[in-house]
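**Q** Going from the sequence shown to the numbering used here is simple: count from 1 and add 1050. Here a beta-carbon is modelled for each residue, glycine too, at the ideal position from N, C-alpha and C. None of the values given here were measured: they were computed from a predicted structure. This is the structure, below, for whatever I ask next.
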Amino acid sequence: MRKFLCTILALALLAAGRTDACTNVIVTPGASADGSSIISYAADSHMLFGELYFRPAGRFAAGSRLAIREWDTGKPLGSIAQVERTWQTVGNMNEHQLIIGETTWGGREEQVNADGVMDYGSLIYITLQRARTAREAIQTIVDLANTYGYPSEGETFSIADPQEAWVMDLVGKGSEKGIVWVARRIPDGYICAHANQARITRFPQDDPENCLFAPDVISFAREQGWYEGSDADFSFRDVYNPLDFGGARACDARAWSAFNILGKGTFTYEENGQTVSRPAADWLDYAMGYDLQGEMPLWIKPAGKVSVKDVADVMRDHYEGTPMDMTTDIGAGGNALPYRWRPMGFDWEGKHFVNERAIATQQTGFWFVAQARGWLPDEVGALIWFGCDDAATSYLTPVYANTRAVPECLREGNGDILHYSPTSQFWMCNRVANACYKMYDRMAPVAREAADRFERDQLERAVPEMDARLAKLVERGRIRKARKLMTKYSVETAQKQFAAWTKLEELLLVKFIDGNIKAQAEDGSFLHTEHGPGFPDKLEYGGYNDIWKAAVARDPHAAILESK
């Protein structure tokens, strides 16, 4: 049974580990199985709806203005000058294979600029419309925030193009317009992960090829009285987002778990010019918030080349097989449910208890694994695998970023968080997920198998075949035909899988109704007795696991019947 920290310090979890927290994994080209840059992102907000944002490229007259609304609330913030030309964006990727993701970490309250116009979401989506490369994106983010002000909390951005990947920590300057920030290029062949805790500590200040930062990132901290040491010892995280129990247990623990999975239990990283390999368990007490002295590596070399499927499955993690495993204590109930309804903590008999916050979570609005594939032309290489709701029981469907349209099941306006739509992928994935929550250990594997089957077929067969056809068309200059074909593929694939997921929800209802489990033949049909097709054969009862049985047996209110 995993440990709980029963102390008032646990209250920090609710501040540092926000309940709408997100997770990113970044894979450099040299670390990926196919040579692509990969970024994953889960938008884990209780208020965000799962839909695929689509903005065609555009041209604008001089003097045009762009209205800005706060991304996750819709609040009007003001307007900014529009540029002459914008690039097409689909979700968090643009037509030139630029990808941007984020996780929020709060920071010091006094660093929020209430009068700012460029919130963190707008920074992402407007930068995607204006920049072509990761380095251009960093500069665009800085210019927008410094020009118009930044009203959001501290953020870590994942930024990648076909050649390189960066991690960027930034936070506002309070009453002073602009941001302080640091961005580091992840060495090729390595992976990075972050989850609502600033990750950059000390950084090289004389290596512009691999590290960029605000000229006042240190002096601003000195002016505020937050730092007195030498420039060489300055740590962005320790000054602007000091690590505490909540930052470790609810946030960095998720980055640790991603490293643990992709490193296969080993962290391999560079230290003082030497390659070091250590067991992931060496940072377990750090991840659990018990020992905050050790500094977890910012990036590691994975145990093997990382595929899109590997990253997708990391996004489905609940700390299985670790001391933080969410399926193994009484909170998981009798069917190993790896979720705890919010709030994350509770008080009992004068003590405060906290639940884990894993990578996969019930409140995900949407999630993706995006690829920038440099061996293909931009028109073909930009590919985003997009999903809705809880990653552990949903699927990713491939959408080319140069598509002319998005599928109806993912179209903006097809339902919202307050209005159900039977044609919305978000709502259908929620139906499947919420069905699984009632008997998770029996039902979730059925959904996972269906998602795995679809994703593997797309990754191993359908997408490579489509890539080859599209690349040939682009080589011949038939770009319009290529875009028409990729649109047809993206839309039809998504809609076909949406229909399959609708059938899956029906299957789950029939197969597991009232806790009874109906047996199936290899072709999927239900087994029935010789008396007719409506009489199930080999019916099973779900029951409960041993953890639940033991807890109930110890309950003084349990009804116990002993055999005589």
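1) Among residues of its own chain, excluding the 5 on either side of Ala1600, which ones have a beta-carbon nearer than 7 Å to its beta-carbon?
2) Smallest Cα separation from Gly1354: which of Leu1334, Gly1315 and Met1376?
3) As a quick exercise: from Gly1592, Ala1271, Met1097 and Phe1585, pick the residue whose alpha carbon is nearest that of Asp1288.
4) What residues are listed by DSSP as bridge partners for Val1221?
5) Applying the criterion that 16 or more other CB atoms from any shown protein chain within 10 Å of the CB defines a buried residue, is Phe1396 buried or exposed?
6) Going by CA-CA distance only, name the one from Ala1362, Ala1410, Trp1349 and Gly1384 that's closest to Glu1370.
7) Look at Thr1078 and Asp1219 and say whether their C-beta atoms are less than 7 Å apart.
8) Three or more beta-carbon pairs under 8 Å between the stretch 1143-1162 and the stretch 1207-1221, yes or no?
9) Taking Thr1378 as the reference, give the member of Ile1597, Ala1081, Trp1155 and His1607 with the closest Cα.
10) Buried or exposed, going by whether 16 or more other CB atoms sit within 10 Å of the CB of Phe1585?
11) Would you say the stretch 1458-1466 touches the stretch 1119-1133, given that touching needs at least three Cβ pairs under 8 Å?
12) Applying the 10 Å Cβ sphere with the 16-neighbour rule, what's the burial state of Gln1161?
13) According to DSSP, is Arg1115 part of a helix, a strand, or is it coil?
14) In angstroms with no decimal places, state the Cα-to-Cα distance between Pro1292 and Thr1251.
15) Under 7 Å between the Cβ atoms of Thr1123 and Gln1179?
16) Among Asp1335, Ala1497, Asp1440 and Met1516, which has the Cα closest to the Cα of Met1536?
17) Can you tell me the Cβ-Cβ gap for Gly1157 and Val1232, rounded? I've got them flagged as a contact below 8 Å.
18) Helix, strand or coil: how does DSSP classify Asn1196 here?
19) Locate the alpha helix (DSSP H) running through Ile1529, then write down its first and last residues.
20) Please tell me whether, using a cut-off of 6 Å, the distance from the CB of Glu1555 to the nearest non-hydrogen atom of the ligand COA is below it.
21) Do the CB positions of Ala1093 and Gly1415 come within less than 7 Å of each other?
22) With a CB to CB cut of under 6 Å and the five nearest residues on each side skipped, what residues in its chain are close to Gly1323?
23) Pick helix, strand or coil for Leu1055, following the three-state DSSP scheme.
24) Which of the three DSSP states is assigned to Cys1072 in this structure?
25) Have a look at Val1404 and Cys1301 and give me their C-alpha separation to the nearest angstrom.
26) Taking the alpha-carbon positions, what's the Arg1511 to Ser1357 distance?
27) Is Gly1171 helix, strand or coil by DSSP?
**A** Put simply:
1) none
2) Gly1315
3) Ala1271
4) Val1230
5) exposed
6) Ala1410
7) no
8) yes
9) Ile1597
10) exposed
11) no
12) buried
13) strand
14) 10 Å
15) no
16) Met1516
17) Not quite, the Cβ-Cβ distance comes to about 13 Å (not below 8 Å), so this is no contact.
18) helix
19) Ile1529 to Phe1562
20) Among the components modelled here there is no ligand, and therefore nothing to report on the ligand COA.
21) yes
22) none
23) Note that Leu1055 scores a pLDDT of 37, beneath 50, so its modelled location is shaky; the value from the coordinates is reported in the next line. Reduced to three states, the DSSP call for Leu1055 is coil.
24) coil
25) 13 Å
26) 14 Å
27) helix
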